[in-house]
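So the protein lines, in turn, are chains A and B.
Read in order, the letters of the first sequence are residues 1 to 824 in full-length UniProt numbering.
Read in order, the letters of the second sequence are residues 1 to 169 in full-length UniProt numbering.
Note that CB positions come from ideal geometry on N, CA and C, so glycine has one too.
Please read the structure below before turning to the comments.
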Amino acid sequence: MLLRLPASLHYPITVTSLLKQPGDEVERDQALFWYVYQTTVTEGDGLGNKVDVKRKFPTRFESTVDGTIVQWKISKGDVIDEPVEVVEIDEPCAHEVQYGGLCAECGKDMTEATYNTDITDSMRAPIQMTHDNTALTVSEKEATRVEEDAKRRLLAGRKLSLVVDLDQTIIHATVDPTVGEWMEDKDNPNHEALSDVRAFQLVDDGPGMRGCWYYVKLRPGLESFLQNISEMFELHIYTMGTRAYAQHIASIIDPDRKFFGDRILSRDESGSLTAKNLHRLFPVDTKMVVIIDDRGDVWRWSPNLIKVSPYDFFVGIGDINSSFLPKKQELGPPSEGKPSTPTVHHVNGSTGKANATEVSTLEQLVTMGGGDNPRLLQEQSDAQDETIMHQVEDRPLAQKQKELDAEDESAESSESSMDESQDSARHRHHLLVDNDQELVQLAGRLEKVHSQFFDEYDRKRARGLGGRVAALRGEKALSKERDVDLKLVPDVKDIMPQLKRRILGGLVIVFSGVLPLGTDTQNADISLWAKSFGVVIAQKINMKTTHLVAGRNRTAKVREATRYPRVKIVTTQWLLDCLTQWKRLDEEPYLLPVHPDDRGQPISPSSKEMAESSWLSSSDEDTGDSWTDNEDTSELNEDFLKSSGFTEISQIGYDQDQQAAIHEELKEFLGSDDESESDSEASWAERDEAPPTVSPKKRKREDGADDESDTSNSDTQTEPGDVPGSRLSQRIKRSYERSTGLKKVATATGTAPGTGANTATDVETPDISFPETDEEAAASRKPEASYPEDPVEDDDELEREMLAAFEEGEYDSHAEEEIGAENG
Amino acid sequence: MFFLKEETKVITLHPSYFGPNVREYLINRLNEEEEGRCTGDHFVICVMDMVDIGEGRVLPSNGQAEYTIKYRAIIWKPFRGETVDAIVTSVKPTGIFTLAGPLSVFIARKNIPSDIKWEPNTVPPQYTNHADQVFEKGTSLRLKILGVKPDVAAINAIGTIKEDYLGAL
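Set out below in structure tokens:
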């Protein structure tokens, strides 16, 4: 190693003699060379006066390492002004692997420190890289060597590394003793779903260390998933559970240890209780690593991460090992709203899970920093104990089931449940639903990444080898090939984002009612996740916006968005499903049913004429001129329509005359727009391909709403014809509208009651805590205060809407609640 | 190396244990607390017998009794250069982790004969020379301790099998 002068010497120094020759052995603390330095000292002159004098002092420089001198980098008489390398010493052992403070190769104590030590030897091997042992550390060089070996091996086997999280990713565990009882009880409605739940006991865990039973549900299809995936990936477990927990889980999911082997990293070895770090396992580079986890924040949204939707089998239990992690930003379980899990969201709705507000970024940061604070750590581990104790004692599952049963009874007695099919009524009896499909999709995604990676690798390799062979033509080719291969390895960190960006790239999304006020919309979990797919998150709705993701209905932004025909108003579920399924799903089933009163003036070339009817309704403008008359005979032509990309469109609140009138106008304004037809056709075709994610029953309900929103979407197609001059013309039109504002108030109120009766049932969700009409009334008095996001020029129009809503008053609130509960 | 060592230990006893079984109770306490303990310097393997239990002395402040017990115990102090038998607990590309009784010993790759190679593709992974020497989890082997480092309540050691007569048993 090259010995360097420390910065603490009194520079400049002059070398006076070298004490060792190349080839000499030196020990630590043995003198290497003499040098002199000059400094000012205060001396007495013998008369009691103190004088500052410059003096030269000779000193020896001592070696900090053992070994044989190879070469001097300085010579006698040199004046050295700054720290430089002075001598190269060949060490018998570089202490590259250390175990518990000992060099694992020569057995020397690495923690010794003397006056001469500037860096202790233990710093030479700072990297932990074994899964199950923290005492073993290695140097960077050694880590690189080990990793390169591993990479060569993986490349030869055409595999990548996959880091797998346990809780809520591939399994779901709980300590609720209710599960045990249900498993015993054959009559329990949940018995069937629990048939393959596995249990084990951890003795030194749980409240009072008396040991509690853990119940583990494997995600459906786990075994075949692991089987398939292990052919493409080398699997590692990285969990925030304890070592004992991880071992137990591993022996359940992989009894022969053929998938995971000993590659298990638990929170005991992780080094941080709050975050997971890929460098703990792959210290040098992470080019060939893919992560699957249900939490993105613990990985700091690493580009290697594939976030999966959390597996939530034991409803309401969550992740039992997450007490140390920053709180999860709740957006509601993604299973919500899917047809096959009616019971799940029903329960969530009734227990007010939606009220669990998200955690601010600051709080999250504070929690993240908890690693350094022993008191906080203690608190967190107490919290962990408490979580477990609560589950053992409170039995959240039993309570949920009780609630469910009670609800069933009331639902059966009340009339409103009549429209529920018999089948789903029977389903309601059990709380736990075993229908998760995520792993199947996940396997597909992993396969995609894998094939993409090796395609890229093969391509590079073919190119690289070809060039090299031409250059070398010979014997050396084989020996060099190994290194060449490693240099050609593509980076998963490049490949995955590329794959993901292709999916939602180009979308501009605005959130409304998704994140709590005051959250940094750019850095919230869902935003970061969406951004990794190429989505742009905007604050305000404008012409560039493509989607409004609304967490609840009737927000100011929803109103505003209706004015932009291009903006699709979708539920949060759409975004979540897109993100988890790696597909740009058709928005149709996810469109948010917009309350008719919320419909604003569309900002489009045709807005002036549309204003006459105050909002665009069930007339299907997107059909363009050739289809304008079809709705009259829509039932007859249904098949024909479908084949040409259209489906039946229901008519709401309009009689034939009105529609005809509107179409006359529309024809005028849309007639020339060719783009509209091809665009709409494309989107409808997409819809046909997309798997139906909404049950037929629900589907039917939503259809009315969908069509409404659809009509507003259809204006999208008119809008691209937005020539440079159109903005001005819009403004002119708007000013025109403003002058005739009063007249339109009348129109709005006139149409509202009729349409309201038809559509009110679709609109409301129960998580809106304030009574709607009160708020409207307040808002109509002070519109600009309540809706600060609204652009000023909308005031007139907004006021008009408010008034309409106010006068309409209480639409059928009972029915509304029914539907709200249904939608979760 | 094993030693028979005489040591003393102070045990304080709550008044509720005062009675005819005091002696028995003290012996139990001693066995429980001492056997298997690692002082950082050595392991206490087994408490042989009590040399002297001594008079219990009641502490004035709280009424507990304090016994100073002299006992003999077999201890094991690992030394550098000692040859021990151990069982493999896990094998890693960097080396082999073994357990020699209570002592965990790590054998680095450099201290494994060069003909014994890391073989990661087998299940479980192993070090092998494709002949008689195969090291995987659970294998017994004989090693020489290269270095010992005492810690607060543990001892770390590193070992080698790169010498004659060392290796798989």
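Practice task
Count the CB pairs spanning the segment 103-122 of chain B and the segment 139-157 of chain B that are closer than 8 Å, and state whether there are at least three.
Solution key: Counting C-beta pairs closer than 8 Å gives three or more between the segment 103-122 of chain B and the segment 139-157 of chain B, which meets the contact rule.
Exercise for the section: Ignore the nearest five residues each way along the sequence and tell me which others in Arg-263(A)'s own chain have a CB closer than 6 Å to its CB. Expected result: As a first step, residue 263(A) is located in the first sequence; it is residue number 263 there, counting from the start. Same-chain partners within the cutoff: His-131, His-236.
Practice task
Determine, using beta carbons only, whether Thr-572(A) comes closer than 8 Å to chain B.
Solution key: Translated into positions along the first sequence, residue 572(A) becomes position 572. Thr-572(A) has a beta carbon lying at 8 Å or more from every beta carbon in chain B.
Handout entry: Other residues of its chain near Leu-499(A): CB distance less than 7 Å, five sequence neighbours each side excluded
Key = Numbered from its first residue, the first sequence carries residue 499(A) at position 499. Result list for Leu-499(A): Lys-448, Val-449, Gln-452, in chain order.
Exercise for the section: Please go through the same chain and pick out, in chain order, the residues whose beta-carbon is closer than 6 Å to the beta-carbon of Thr-42(A), but skip the five residues on each side of it. Expected result: The residue given as residue 42(A) occupies position 42 in the first sequence. Contacts found: Lys-50, Asp-52.
Problem - C-alpha distance - Pro-150(B) paired with Leu-439(A), whole-angstrom precision - result: Residue mapping note: residue 150(B) aligns to position 150 of the second sequence, counting from 1. Residue mapping note: residue 439(A) aligns to position 439 of the first sequence, counting from 1. Computed Cα separation, rounded: 48 Å.
Handout entry: Candidates Pro-565(A), Gln-401(A), Arg-563(A), of which the one nearest Trp-182(A) by Cα
Key = Translated into positions along the first sequence, residue 182(A) becomes position 182. Ranking the options by Cα distance to Trp-182(A), first place goes to Gln-401(A).
Handout entry: Under 8 Å from the C-beta of Lys-108(A): neighbouring residues of chain B
Key = As a position in the first sequence, residue 108(A) is number 108, starting the count at 1. Going along chain B in sequence order, the residues near Lys-108(A) (Cβ under 8 Å) are Gly-147.
Problem - Short CB-CB distance (under 8 Å) between Asn-156(B) and chain A - result: To locate residue 156(B), count along the second sequence from 1; it is residue 156. Against chain A, the CB of Asn-156(B) has a partner CB under 8 Å away; the residue lies at that interface.
Handout entry: Spatially closest choice to Ala-125(A) from Cys-93(A), Ala-561(A), Glu-797(A), Val-138(A), by CA coordinates
Key = Counting from 1 along the first sequence, the entry for residue 125(A) is found at position 125. Closest in C-alpha terms to Ala-125(A), from the list Cys-93(A), Ala-561(A), Glu-797(A), Val-138(A), comes Val-138(A).
Exercise for the section: Please classify Val-79(A): is it buried, with 16 or more other beta-carbons within 10 angstroms of its beta-carbon, or exposed? Expected result: Here residue 79(A) corresponds to residue number 79 of the first sequence, with the count starting at 1. Exposed is the call here.
Problem - Residue range of the unbroken beta strand (DSSP E) whose run includes Trp-118(B) - result: Locating residue 118(B) in the second sequence gives position 118, where the first residue counts as 1. Start and end: 117-119.
Handout entry: Rounded separation between Gln-437(A) and Asp-254(A) - CA only
Key = Residue 437(A) sits at position 437 when you count from the first residue of the first sequence. Residue 254(A) sits at position 254 when you count from the first residue of the first sequence. Their Cα atoms are separated by approximately 20 Å.
Problem - chain A contacts made by the segment 107-135 of chain B, where a contact means CB separation under 9 Å - result: Taking 9 Å as the Cβ-Cβ cut-off against chain A, the residues of the segment 107-135 of chain B that qualify are Ile-107, Ala-108, Arg-109, Lys-110, Asn-111, Trp-118, Pro-120, Asn-121, Val-123, Pro-124, Pro-125.
Problem - Members of the segment 38-66 of chain B near chain A, C-beta cut-off 9 Å - result: Legend: CB atoms of the segment 38-66 of chain B lying less than 9 Å from CB atoms of chain A are not found in any residue.
Exercise for the section: Give the straight-line distance between the Cα atoms of residue 827(A) and Glu-136(B), rounded to the nearest whole angstrom. Expected result: This structure does not reach residue 827(A), given that chain A is present from 1 up to 824, and the question cannot be answered.
Practice task
Return the chain-ordered list of same chain residues with a C-beta closer than 6 Å to the C-beta of Glu-801(A), the five sequence neighbours on each side being excluded.
Solution key: If you number the first sequence from 1, residue 801(A) lands on position 801. Cβ within range, chain order: Asp-597.
Handout entry: Arg-501(A) versus Lys-544(A), Lys-531(A), Leu-155(A), Gln-30(A), residue with shortest Cα-Cα distance
Key = As a position in the first sequence, residue 501(A) is number 501, starting the count at 1. Cα-wise, what sits closest to Arg-501(A) is Lys-531(A).
Practice task
May I have the straight-line CA-CA distance separating Lys-70(B) from Lys-144(B), to the nearest angstrom?
Solution key: If you number the second sequence from 1, residue 70(B) lands on position 70. If you number the second sequence from 1, residue 144(B) lands on position 144. Whole-angstrom Cα-Cα distance: 34 Å.
Practice task
Verify the CB distance criterion: does Asn-116(A) have a CB-CB separation below 8 Å to chain B?
Solution key: In the first sequence, residue 116(A) corresponds to position 116, counting from 1. Not one chain B Cβ lies under 8 Å of Asn-116(A).
Handout entry: Residue span of the alpha helix (DSSP H) that contains Pro-177(A), given as start and end
Key = Position 177 of the first sequence, counted from the first residue, corresponds to residue 177(A). Annotation for Pro-177(A): the continuous alpha helix (DSSP H) segment containing it runs 177-184.
Exercise for the section: Compute the Euclidean distance between the alpha carbons of Ile-69(A) and Asp-24(A), then round it to the nearest angstrom. Expected result: Start at 1 with the first residue of the first sequence, and residue 69(A) comes out as number 69. Start at 1 with the first residue of the first sequence, and residue 24(A) comes out as number 24. Linking Ile-69(A) to Asp-24(A) through their CA atoms gives a straight-line distance of about 6 Å.
Practice task
Using a Cβ cut-off of 8 Å (strictly closer), state whether Tyr-238(A) contacts chain B.
Solution key: By one-based count along the first sequence, residue 238(A) stands at place 238. Residue contact check for Tyr-238(A) against chain B: no CB pair falls below 8 Å.
Practice task
Please list the partners that Lys-92(B) has in chain A, where partner means a Cβ-to-Cβ separation under 7 Å.
Solution key: For this step, residue 92(B) is matched to residue 92 along the second sequence. Neighbours of Lys-92(B) on chain A, chain order: Thr-130.
Exercise for the section: Measure the beta-carbon distance from Arg-55(A) to Thr-39(A) and round it to whole angstroms, keeping in mind my assumption that it falls under 8 Å. Expected result: Reading the first sequence from its first residue, position 55 is the one you call residue 55(A). Reading the first sequence from its first residue, position 39 is the one you call residue 39(A). In this structure Arg-55(A) is in contact with Thr-39(A), their Cβ atoms being roughly 7 Å apart against a cut-off of 8 Å.
Exercise for the section: Can you tell me which of the three DSSP states Phe-313(A) falls into? Expected result: Residue 313(A) sits at position 313 when you count from the first residue of the first sequence. Reduced to three states, the DSSP call for Phe-313(A) is coil.
Problem - N- and C-terminal bounds of the alpha helix (DSSP H) containing Pro-58(A) - result: As a working note, residue 58(A) is residue 58 in the first sequence. Counting along the chain, Pro-58(A) sits inside no alpha helix (DSSP H); it lies in the beta strand (DSSP E) bounded by residues 50-62.
Exercise for the section: Could you work out which residue in Gln-581(A), Lys-557(A), Gly-44(A), Ser-527(A) is closest to Trp-301(A) when comparing CA atoms only? Expected result: In the first sequence, the residue the question calls residue 301(A) occupies position 301. Its Cα nearest to that of Trp-301(A), the residue Ser-527(A) stands out among Gln-581(A), Lys-557(A), Gly-44(A), Ser-527(A).
Practice task
Output the boundary residues of the beta strand (DSSP E) element that contains Ile-62(B).
Solution key: Position 62 of the second sequence, counted from the first residue, corresponds to residue 62(B). The sequence given here places Asn at residue 62(B); Ile does not occur at that position. Neither: Asn-62(B) is in no beta strand (DSSP E) and is coded neither H nor E.
Problem - Check whether Gly-513(A) and Thr-555(A) have beta carbons under 8 Å apart - result: As a working mapping, residue 513(A) is identified with position 513 in the first sequence. As a working mapping, residue 555(A) is identified with position 555 in the first sequence. One thing to note: Gly-513(A) has its Cβ within 8 Å of the Cβ of Thr-555(A).
Problem - Amino acids of chain B, ordered along the chain, whose beta-carbon sits closer than 7 Å to that of Ala-104(A) - result: On the first sequence, position 104 is the one that residue 104(A) refers to. Proximity of chain B to Ala-104(A) at the Cβ level (cut-off 7 Å) is accounted for by Gly-95, Phe-106, Ala-108, Ile-158, in chain order.
Problem - Short CB-CB distance (under 8 Å) between Asp-262(A) and chain B - result: Locating residue 262(A) in the first sequence gives position 262, counting from the first residue. With respect to chain B, the C-beta atom of Asp-262(A) has a partner C-beta closer than 8 Å.
Handout entry: For Asp-109(A), the nearest candidate out of Gly-100(A), Val-179(A), Thr-580(A) (CA to CA)
Key = The residue labelled residue 109(A) in the question sits at position 109 within the first sequence. Of the candidates Gly-100(A), Val-179(A), Thr-580(A), the one whose C-alpha sits nearest the C-alpha of Asp-109(A) is Gly-100(A).
Exercise for the section: Note down the Cα distance separating Glu-797(A) from Tyr-590(A), rounded to an integer number of angstroms. Expected result: In the first sequence, residue 797(A) corresponds to position 797, counting from 1. In the first sequence, residue 590(A) corresponds to position 590, counting from 1. Between Glu-797(A) and Tyr-590(A), the alpha-carbon positions lie close to 27 Å from each other.
Handout entry: C-alpha distance - Asp-90(A) paired with Asp-29(A), whole-angstrom precision
Key = Here residue 90(A) refers to the residue found at position 90 of the first sequence. Here residue 29(A) refers to the residue found at position 29 of the first sequence. Between Asp-90(A) and Asp-29(A), the C-alpha separation is close to 16 Å.
Exercise for the section: Specify, as a first and last residue, the run of the beta strand (DSSP E) that Trp-301(A) falls within. Expected result: Position 301 of the first sequence, counting from 1, holds the residue named residue 301(A). Trp-301(A) -> no beta strand (DSSP E), and no H or E assigned at all.
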